[in-house]
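A.B. asks: Below: one structure in structure tokens.
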Amino acid sequence: MARGPITFRDVVIEFFLHEWEFLNPLQKKLYCIVMMENYSNVVSIGHFISKPHIIVLLEEERDPWMVMKEETRMQGFPGGSQMVKNLPAVRETWA
27 MARGPITFRD
37 VVIEFFLHEW
47 EFLNPLQKKL
57 YCIVMMENYS
67 NVVSIGHFIS
77 KPHIIVLLEE
87 ERDPWMVMKE
97 ETRMQGFPGG
107 SQMVKNLPAV
117 RETWA
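Written out as structure tokens, the structure reads:
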């Protein structure tokens, strides 16, 4: 199956404040490292894009949680609502 080029939007993971608060400091640091690496990888394969706001926040060491309606985020993400329901389990796994 042919797909178009990979974009940063394909590999970014975004959190709402109530989700971000479930993460411990180590998880937050890992998230920042992975998102910066994902952005670097997308740029390195020749997909020049303007710097996403989330990357600017990470570079400024600011929390990258989003402020928008949860329904908007869940549209188009298979299992999106299930991910939110499973956050407490993820928190216990990484704690």
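Read the sequence shown against this note's numbering and you will find it ends at 121, with the numbers running on by one and no gaps.
A virtual CB, placed ideally from N, CA and C, is assigned to each residue, including glycine.
1. Spell out a yes or no on whether the segment 60-67 and the segment 34-41 are touching, meaning 3 or more CB-CB pairs, one atom from each, closer than 8 angstroms.
2. Let me know the secondary structure DSSP gives V42 once reduced to three states.
3. State the DSSP-derived secondary structure class of K77, mapped to helix, strand or coil.
4. Take the Cβ of L56 as the centre, count every other Cβ of all protein chains shown within 10 Å, and call the residue buried at 16 or more, exposed below.
5. Report all residues from its chain with a CB closer than 8 angstroms to the CB of N64; omit the five preceding and five following residues, and keep chain order.
C.D. replies: Taking the geometry as given:
1. yes
2. Here residue 42 turns out to be Phe, not Val, going by the sequence shown. Strand, per DSSP.
3. coil
4. exposed
5. Once the five neighbours on either side are set aside, the close Cβ partners of N64 are F34, V37 and V38.
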